[in-house]
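What follows is one structure encoded as structure tokens, with my remarks underneath.
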Amino acid sequence: MRADGKVFATVSRGTVRQWSTANGRRVGTPFAARAGAVHSVGYSPNGKLLAVAGERAVALWDSATGEQFGAPLVGHEGAVRSVAFGPTGKLVATAGDDGTVRLWNPLTGRSVRTLMGHTGTVRSVVFSPDGKSLVTAGGDKSLAADGGDKSVAADSDQSTAAGSDKSGKDSTVRLWETSTGRPIGTALTARTAPIYAISFSPDGSLLATSDASDVIRLWDATTGEPAGKPLTSSSGPVLALTFSPGGDLLATSSGGDNTVQLWDTETRRPATEPLTGHTGPVRALRFSPSGDLLATGSDDGTVRLWDTETGGLEGKPLIGHKGPVWALRITLDGKRLITAGDDNKARLWRLSNK
Numbered sequence: 000m001r002a003d004g005k006v007f008a009t010v011s012r013g014t015v016r017q018w019s020t021a022n023g024r025r026v027g028t029p030f031a032a033r034a035g036a037v038h039s040v041g042y043s044p045n046g047k048l049l050a051v052a053g054e055r056a057v058a059l060w061d062s063a064t065g066e067q068f069g070a071p072l073v074g075h076e077g078a079v080r081s082v083a084f085g086p087t088g089k090l091v092a093t094a095g096d097d098g099t100v101r102l103w104n105p106l107t108g109r110s111v112r113t114l115m116g117h118t119g120t121v122r123s124v125v126f127s128p129d130g131k132s133l134v135t136a137g138g139d140k141s142l143a144a145d146g147g148d149k150s151v152a153a154d155s156d157q158s159t160a161a162g163s164d165k166s167g168k169d170s171t172v173r174l175w176e177t178s179t180g181r182p183i184g185t186a187l188t189a190r191t192a193p194i195y196a197i198s199f200s201p202d203g204s205l206l207a208t209s210d211a212s213d214v215i216r217l218w219d220a221t222t223g224e225p226a227g228k229p230l231t232s233s234s235g236p237v238l239a240l241t242f243s244p245g246g247d248l249l250a251t252s253s254g255g256d257n258t259v260q261l262w263d264t265e266t267r268r269p270a271t272e273p274l275t276g277h278t279g280p281v282r283a284l285r286f287s288p289s290g291d292l293l294a295t296g297s298d299d300g301t302v303r304l305w306d307t308e309t310g311g312l313e314g315k316p317l318i319g320h321k322g323p324v325w326a327l328r329i330t331l332d333g334k335r336l337i338t339a340g341d342d343n344k345a346r347l348w349r350l351s352n353k
């Protein structure tokens, strides 16, 4: 979603479309990929540019006119799986099948530096909130940006990524110093277990990760060292996680029992009872801008809204998708919810005044 919350982008069959969050109508003309599939999209912080990552290149588009901006960013030797703008808009990070992460100047289209350390496909790249560091996740299956969403897309907050890698060729999470390209510490996870989710806290001090186990690990984002004892989910792998806007809560979803847990980040204890009701795995999580609501999207095709103070269900489940719900966005005013599912549909929902 664009930073002002007025427009969001969707990707389908190599085409990117923009839509109004006010009325759900299409904005402008669709963008076609240069060649092949579109793997990731991301708006610049000011919303003027939209980066579209495809096979071996990233194209920058003027989001208002629909015209391509400058020359494509070319350098990857394979598909580009993830793209993200830095918080100032002066850098674009890309990651791909060639195992490299590249930083670009979006105004000149020139490569600034190449980060090397992964031994396989890099599926996710996320800047820290202050832009001084970035985190990357390796994997050979689909990784996605933003709170457990299946599609690999960069959002305006760019603080969370999630995914899955069952091949185990490179299941590491790595921190990098943006200004120099140097790694921060060693790989945060050196296991061959699939990586499911990574998320920066809003102040950038913590990084949360999860893999195929039932453990959530917290890291000092400035040193790459463990930050306290790990958290343990109720059952099975943690499929998605994300911090609340205030950083006081961490939401995690358990794949074994289809529940969601809210954690107090200060005490490292559950803040409420588990959120129960979904009948399938929960793969998408999204806090409202005020932090008082949590939206969850599940393989059961429903979206549910929860009161983050009590853990109680707010209203009835939102039913409309005919299949798993992979992506969630809430507009800045908290009045609209955008969902995307396996049924190739994006839906716009009106939320209450809570």
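First residue of the sequence shown? That's 0 in numbering that gives the first Met the number 0, and the numbers climb one at a time after it. The beta carbon of each residue, even a glycine, is placed where N, CA and C say it ideally should be.
Residue span of the beta strand (DSSP E) that contains residue i, given as start and end
i    : result
R16  : T14 to S19
S68  : The sequence given here places Phe at residue 68; Ser does not occur at that position. Where F68 is concerned, there is no enclosing beta strand (DSSP E), given that its DSSP letter is neither H nor E.
A283 : V281 to F286
V303 : Strictly speaking, residue 303 in this sequence is Arg, with Val absent from that position. Unbroken beta strand (DSSP E) run through R303: T301 to D306.
T208 : L205 to D210
T9   : V6 to S11
A226 : Segment: none, A226 is in no beta strand (DSSP E) and carries neither H nor E.
S198 : I194 to F199
A339 : R335 to G340
T135 : S132 to G137
E176 : V172 to E176
R24  : Unbroken run through R24: none, as it is neither H nor E.
G41  : S39 to Y42
D298 : Premise fails: D298 is in no beta strand (DSSP E) and is neither H nor E.
L48  : L48 to A52
D213 : Taken as a continuous stretch (DSSP letters only), D213 belongs to no beta strand (DSSP E), as it is neither H nor E.
L347 : A345 to R349
L327 : V324 to I329
Proximity of residue i and residue j at Cβ, strictly below 8 Å
i    : j    : result
I17  : V10  : Correcting the residue identity first, residue 17 is Gln in this sequence and not Ile. The answer is no: Cβ separation not under 8 Å.
R101 : T118 : no
T188 : D213 : no
S243 : G290 : yes
T295 : R303 : yes
T307 : L248 : yes
G227 : L238 : no
A52  : S39  : yes
L90  : T177 : yes
G116 : S170 : no
Neighbourhood of residue i by C-beta distance below 8 Å, restricted to the same chain and skipping five residues each side
i    : result
D332 : G4 and P288
K47  : D61, S62 and A63
T20  : M0, G4, K5, V6, F7, T330, R335, I337 and L347
R181 : W175
A70  : G108
D129 : P86 and G203
R24  : W18
Cβ-based neighbour list, residue i, same chain, cut-off 7 Å, excluding 5 preceding and 5 following
i    : result
F126 : A83, G85, P86, A92, L133 and Q157
K344 : H320
G184 : L174, T222, G223 and E224
D97  : H75, E76 and G77
D341 : G322, P323 and W325
Cβ shell of residue i (< 6 Å), same chain only, five flanking positions each side left out
i    : result
D148 : Reliability of the predicted coordinates at D148 is poor, the pLDDT of 39 falling under 50, and the value obtained from them is presented with this limitation in mind. So the qualifying residues of the chain are A283, W325 and A326.
G65  : G27 and T28
I318 : T301
S253 : S232, S233, S234 and G235
L1   : Looking at the sequence itself, residue 1 is Arg, so the reference to Leu does not match. Result list for R1: Y42 and G46, in chain order.
H55  : A small fix is needed here, since residue 55 is Arg in this sequence, not His. Here the set comprises H75.
A36  : G13
G95  : H75, G77, A78, V79 and R80
D219 : A226
S200 : F242 and G246
G255 : S234 and G235
T278 : D299
V73  : A56
R349 : none
I'd like the ranges of any beta strand (DSSP E) spanning at least 3 consecutive residues and lying wholly in the region 234 to 275. 237 to 242, 248 to 253 and 259 to 263
Every unbroken beta strand (DSSP E) within the region 60 to 125, with a cutoff of 3 residues, ordered by chain: 72 to 84, 91 to 95, 99 to 103 and 110 to 115
May I ask you to verify whether the region 312 to 321 touches the region 262 to 272, counting CB pairs closer than 8 Å and requiring at least 3? no
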